[in-house]
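Read in numbering that gives the first Met the number 0, the sequence shown has 237 at position 238, and its numbers run on one by one without any break. One structure is given here, and the rest of the page talks about it.
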Amino acid sequence: MSFTAIIGGTGLTKLNNLEITHKEMVSTPYGTPSGPLTFGKICDLDVVFLARHGYQHTIPPHMINYRANLWALKNVDVSKIIAVAAVGGITSEMGPERLVIPDQIIDYTYGRSQTFFEDDLSFVTHIDFTRPYSDEIRKVLLDSAESLKFDAVDGAVYGATQGPRLETAAEVNRLERDGCDIVGMTGMPEAALARELDLEYAACALVINWAAGRGGQTEISLQEMEKCLESGMTRVKQLLETALPGIESCTTA
Ligand code: HPA
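Structure below.
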C-alpha cells in the first residue's frame with residue numbers, strides 16, 4: 000500500500016480533519032525528521048502528515064532536516080506529497096490570501112544538505128528537474144480549487160530564499176527580474192529531494208503578505224501575516240480534503 004503525505008508549513012502544524020490512527024518516529028541515516036509521522040484518515044483516505052517546522056513550530060527554514068523528512072516519508076511507503084507553504088507575493092496577481100499552485104522554482108538557498116547522492120556512489124547521479132512539480136498532482140489541486148471556487152493561480156515561479164529573515168526590497172526586485180512570482184524559504188531542497196527519491200510532489204502555496212517593498216507598504220507587518228495565515232489555512236485544509244481522493248488515484252507514482 001502507498002500513502003499520500005501532506006507536509007504542513009507555517010500555520011499548518013495540525014490537520015483537524017485528520018482522524019489520527021498512530022504516530023511513528025522514524026530514524027533515518029540522515030538524522031531525525033521534524034517530528035513523528037502522523038498516520039490517519041481524512042474522509043476514509045489514508046494520509047501521513049508531517050509538520051515541516053515541527054509540531055510546535057520551532058524549527059526555522061534553514062535548520063529543517065529536509066533529507067530526514069523526505070527519507071522518512073519514503074521509508075513508510077509514501078509515494079505522493081502535497082507540500083503546503085506560506086509565501087510572500089511578488090507579482091501583481093499574487094496578493095495576500097491568494098492560493099497558488101507553482102510550476103517552477105528558482106533556488107537561492109545555500110548551506111543546506113540538498114542531495115542524497117553524495118556518499119558511497121558507484122556512479123555520479125543526476126535527476127531531471129526541468130519540471131520540478133508533479134503535473135498530475137498540480138492538476139488535481141487546480142481542479143479541486145476550481146470546484147471550490149477558490150480562484151487559485153495556475154503556475155508561478157517560486158523563489159526559495161535562505162531566511163530566516165525576510166528579504167530586502169532590492170532583493171525582491173532582483174527576484175522579480177529573475178522571473179519569480181512568489182517567495183518562500185522552504186521550497187528547496189525539499190522538492191529536489193522528493194524527485195531524487197522518485198516521489199510525486201507538488202506544492203500548494205498560500206500568499207500571506209506582499210513581499211518586501213510591494214503592495215505600497217514600507218515594512219511587512221508580522222501581525223497581518225498571522226491574520227492572513229489563519230483565514231487562508233482554513234481554505235487550504237478544505238482544498239486538501241477535496242483534492243485527496245483525486246491524488247490517491249493519480250497513477251504516475
Ligand atoms: N519572504 C520569504 N518567505 C516568506 C514570505 C516572504 O515575504 N512570506 C512568507 N514566507
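C-beta: ideal position from N, C-alpha, C; glycine also. Because the structure is a prediction, the values reported are computed rather than measured.
> Less than 6 Å between the CB of L165 and some heavy atom of the ligand HPA, yes or no?
Replying inline: Sequence index remark: in the sequence shown, residue 165 carries index 166 (1-based). Within the cutoff, so yes.
>> Just verifying my parser: in three-state terms, what is the DSSP assignment at S78?
In response: One-based indexing of the sequence shown puts residue 78 at position 79. Three-state result, S78: strand.
> When the distance is taken between beta carbons, is I100 closer than 7 Å to R137?
Replying inline: Locating residue 137 in the sequence shown gives position 138, where the first residue counts as 1. Locating residue 100 in the sequence shown gives position 101, where the first residue counts as 1. Yes; because the gap between Cβ atoms is below 7 Å, this pair is in contact.
> By Cβ distance below 7 Å, which residues in the same chain neighbour A210 in space, the five residues on each side in sequence not counted?
Replying inline: Walking along the sequence shown from the start, residue 210 turns up at place 211. So the list reads G87, G88, I89, E166, V171 and V182, once near-sequence residues are dropped.
>> Determine whether the beta carbon atoms of I105 and C203 lie at a separation below 7 Å.
In response: One-based indexing of the sequence shown puts residue 105 at position 106. One-based indexing of the sequence shown puts residue 203 at position 204. No, the pair does not count as a contact, with Cβ atoms beyond the cut-off.
>> Tell me the DSSP secondary structure of A252 in three-state form.
In response: Numbered from its first residue, the sequence shown carries residue 252 at position 253. Because the pLDDT at A252 is just 46, under 50, the model does not fix this residue reliably, and the point stays unresolved.
> Looking only at DSSP bridge pairs, what is A202 linked to?
Replying inline: Within the sequence shown, the letter at position 203 stands for residue 202. For A202, which the question treats as bridged, DSSP gives the partners A82.
> Can you tell me the Cα-Cα spacing of M224 and E145, whole angstroms?
Replying inline: Taking the first residue of the sequence shown as 1, we reach residue 224 at position 225. Taking the first residue of the sequence shown as 1, we reach residue 145 at position 146. When rounded, the distance between both Cα atoms is 25 Å.
> Hey, E23 and L36 are a contact pair by Cβ (cut 8 Å); roughly how many whole angstroms apart?
Replying inline: Indexing the sequence shown from 1 puts residue 23 at position 24. Indexing the sequence shown from 1 puts residue 36 at position 37. Their Cβ separation, rounded to whole angstroms, is 5 Å, which keeps E23 and L36 in contact under 8 Å.
> A159 bridges to which residues according to DSSP?
Replying inline: In the sequence shown, the residue the question calls residue 159 occupies position 160. Paired residue(s): D106 and G183.
> Cα separation between L72 and S121?
Replying inline: What you label residue 72 is simply residue 73 of the sequence shown in a count that begins at 1. What you label residue 121 is simply residue 122 of the sequence shown in a count that begins at 1. Taking the straight line joining both Cα atoms gives about 25 Å.
>> What does the alpha-carbon distance come out to for the pair D150 and R97?
In response: Taking the sequence shown and counting its residues from 1, the one referred to as residue 150 is at position 151. Taking the sequence shown and counting its residues from 1, the one referred to as residue 97 is at position 98. If I take the Cα positions, the gap works out to 8 Å.
>> Helix, strand or coil for G39? Go by DSSP, reduced to three states.
In response: If you number the sequence shown from 1, residue 39 lands on position 40. In this structure, G39 counts as strand in the three-state DSSP scheme.
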